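Notes for the one structure printed next.
Chains as they are written, first to last, in my numbering: chain A, 136 to 716; chain B, 78 to 325.
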């Protein structure tokens, strides 16, 4: 180790180690802006010492020159030792314009050396540096040299529904205090999809290194004609060094400067699709492929099978719409579900549309699902294309009623259900009901309800009456008085002798009156009867007379008239009293 | 004599309910045979013949629903399953096949509309059964009342039993009224055409509001000049041509 170090000292200090001297100057950046720093470097290659600084007095007509710094470097490459001496100046252009940094004289070891003259362009203050454009057709820039924004579109005259890729760039070379806030451009007339972009990267623009953030949108114009993508606004807070307070002990002081950077609106001229659209074109713009498959190739007649159509490719899949089936006379069709999704792929949006259609074969035998067409427009070629699926062969066997492998296998409680179908028909002849009389027979039954109700009501009334009669002797006697009297009088008709018949008539009448008044029949005298009847405003003279004649008939039968007459009068009195008492 | 009259009356009613005409039975059997042979279109015609003869049964409507479904006529399948359930709300096979048919319909509507009464189907007995049971329990109550008063010397348990019969009879009476209202409710319908546009008014000049597809069940609100105002269960409302809808 010690020997190596000694060898190096020998090389450096050796008088024999003298090299050819070369002098060069450079300015960074080559294009500057008025008032902004640039760096002038003078490199003396082959010199190790004794380099006299050049005279820059000529520069001061167009630049201010601030201080200088020197550095020396020694490198050993493939055994050759190279030494260089660099002097760096900070220069600031005073005004815009094109200038020339003149040839600078450098004296080394008494020998004069000259640099080449350097042309320098100085732009006005606040002008961002020119940015190299890629395949963008339009680019708009806003901001200044420290931070600026740029927006580009990849095409300015797309077809209707063709993707336009909009890219927004944010360049900055100064520190920021917080995260910038972007207000996306207005995209009226476009269908917009976000595309993930590189979050942050570095890029050199015009010799200056920038940090770049990027946002990308896929825009699909939905109307023809001139459309405008609005301005994008970005708000950032730049860190700015303030003038140092000479009494401060904290060194440099920084503060935030809010910057609002905007891009200019971008005009897009949207072309109409060509007029010669084939029949069946429904607006599918993009580069797509279509495929079809069925979940089973053999199916029972009447059982459903599922046809799955898939459309995928680059473009706005929402413009594809429903894929129309050709006329399938052998099948009944039911659209079951439709799903679409869009995914960014690079700078493009690719979409996928899945459509499921349930087909029910109407007849048995070999069947074919014919090619299913989809008419698309390719903006890449500017032509219409008719895509087709391959024909699908099916074998439909006559319906057996058995369950075949169905649409969805289910597993429940350890039993795997491998097919679904409707339950089978009822084979037993049912008990038919007449359509017109079915309701009528129910009404027949229903009509019994009021009858039942009336019967129950009658039963309730009868029972209530029975209970009242059982608890009220006077009421019971009164309510049964007429019936008992009539019964007794009818019995009296059986008697052939006048005496006996008159006696029974009198007994029946007195019994009736006793029941009506709830008294003992034996105690009723003629005066008593007349007095009680007069209380009810009834003239009882004739009744008392009738009773007296009945009594008299037992002793003098010839004086009282006929038995029938007595009997009839008694019945009349029962009826009269029943009404009036 | 009274007993004889009552027996005759019951027999007459029973004959109305349970008599099965020969022609209807034969047509029904034909329909079954054709269905099993896979000739669904002909089986529909055979089953329809039974209906033309003015006879019906839940099983007939169910078989018609099956035949229509197998024939690819989803709307009519839903219609006849619903009619089968109208005649017999506890008809499990019809309920299962109706669910299957609904799973094939294109329009998905929320469950809280036309189907909101379906949970009741477990408890429903139908018009005939509720009427008969209501009458039988009323009669039982009367018989028990007579027995209690005349033979059972007003036993308390007999009174409890009698009152229970009365309560049950009233419940069946309420059930009968409900079944009657359901049986005579023709405010629901099914779309039987493959697709129809629903307009904001009764006529082709009115704005198209939305589209409906075969098999969708709906409430029918009113009719005007060959158009029906309909409402589907998620609240959407509009007018469709009269011949696009069949009343359930």
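Even glycine gets a Cβ: it sits at the ideal position worked out from N, Cα and C. In this text the structure is predicted, and so the values were computed from the model without any measurement.
CB contact check: residue i to chain A, cutoff 8 Å
i                     : result
residue 132 (chain B) : yes
residue 101 (chain B) : yes
residue 325 (chain B) : no
residue 155 (chain B) : no
residue 252 (chain B) : no
residue 152 (chain B) : no
residue 283 (chain B) : no
residue 205 (chain B) : yes
residue 98 (chain B)  : yes
residue 314 (chain B) : no
residue 259 (chain B) : no
residue 136 (chain B) : yes
residue 125 (chain B) : no
residue 115 (chain B) : yes
Collapsed DSSP secondary structure at residue i in the structure displayed
i                     : result
residue 258 (chain A) : strand
residue 605 (chain A) : helix
residue 168 (chain B) : coil
residue 199 (chain A) : strand
residue 280 (chain A) : coil
residue 570 (chain A) : coil
residue 371 (chain A) : strand
residue 404 (chain A) : strand
residue 207 (chain B) : helix
residue 707 (chain A) : helix
residue 226 (chain B) : helix
residue 168 (chain A) : strand
residue 490 (chain A) : strand
residue 163 (chain A) : strand
residue 466 (chain A) : strand
Own chain partners of residue i with C-beta closer than 7 Å, once the 5 adjacent residues on each side are dropped
i                     : result
residue 344 (chain A) : 308 and 337
residue 101 (chain B) : 127, 130 and 132
residue 270 (chain A) : Any reading at residue 270 (chain A) needs caution, since the residue's pLDDT is 45, under 50, leaving its predicted position unreliable; the model's value is listed next. 289.
residue 189 (chain A) : 177, 239, 240 and 241
residue 107 (chain B) : 123
residue 697 (chain A) : none
residue 208 (chain B) : 253
residue 342 (chain A) : 163, 164 and 165
residue 148 (chain B) : 117, 118 and 121
Residue from the options with nearest C-alpha to residue i
i                     : options                       : result
residue 320 (chain A) : A:488, A:299 and A:400        : A:400
residue 241 (chain B) : B:213, B:272 and B:314        : B:213
residue 445 (chain A) : A:438, A:429, A:439 and A:672 : A:429
residue 650 (chain A) : A:669, A:600, A:675 and A:712 : A:712
residue 290 (chain B) : A:360, A:405 and A:468        : A:468
residue 329 (chain B) : B:280, B:308, B:149 and B:222 : With chain B covering 78 to 325 only, the question about residue 329 (chain B) has no answer from this structure.
residue 227 (chain A) : A:714, A:316 and A:236        : A:236
residue 533 (chain A) : A:499, A:306, A:559 and A:709 : A:499
Interface flag, residue i vs chain B, CB-CB below 8 Å
i                     : result
residue 566 (chain A) : yes
residue 531 (chain A) : no
residue 779 (chain A) : An answer regarding residue 779 (chain A) cannot be provided, because it is not within the stretch 136 to 716 covered by chain A.
residue 580 (chain A) : yes
residue 656 (chain A) : no
residue 287 (chain A) : no
residue 590 (chain A) : yes
residue 569 (chain A) : yes
residue 558 (chain A) : yes
residue 687 (chain A) : no
residue 488 (chain A) : no
residue 562 (chain A) : yes
residue 433 (chain A) : no
Nonlocal neighbours in the same chain, by C-beta distance under 8 Å from residue i, ignoring five residues either side
i                     : result
residue 125 (chain B) : 141
Contact set for residue i: own chain, Cβ-Cβ below 6 Å, skip 5 residues either direction
i                     : result
residue 324 (chain B) : 263 and 266
residue 475 (chain A) : 452 and 488
residue 142 (chain A) : Residue placement at residue 142 (chain A) is flagged as unreliable, the pLDDT there being 38, under the threshold of 50; the coordinate-derived value follows with that caveat. No residues qualify anywhere along the chain.
residue 375 (chain A) : 390 and 392
TODO: Select from the segment 437-450 of chain A all residues with a C-beta closer than 7 Å to any C-beta belonging to chain B, and list them in chain order.
DONE: 437
Open item on the list: Counting only Cβ-Cβ distances shorter than 9 Å, please list the residues of the segment 455-479 of chain A near chain B, keeping chain order.
Closed with: 466, 467, 468, 469, 470 and 471
Open item on the list: Please list, in chain order, the residues of the segment 208-225 of chain B that have any C-beta partner in chain A closer than 8 Å.
Closed with: 208, 209, 211, 212, 215, 216, 218, 219, 222 and 223
Open item on the list: Output needed in chain order: residues of the segment 591-620 of chain A with a Cβ under 7 Å from some Cβ in chain B.
Closed with: 591, 594 and 598
TODO: Anything in the segment 396-429 of chain A with a Cβ closer than 8 Å to a Cβ of chain B? List those residues in chain order, please.
DONE: none
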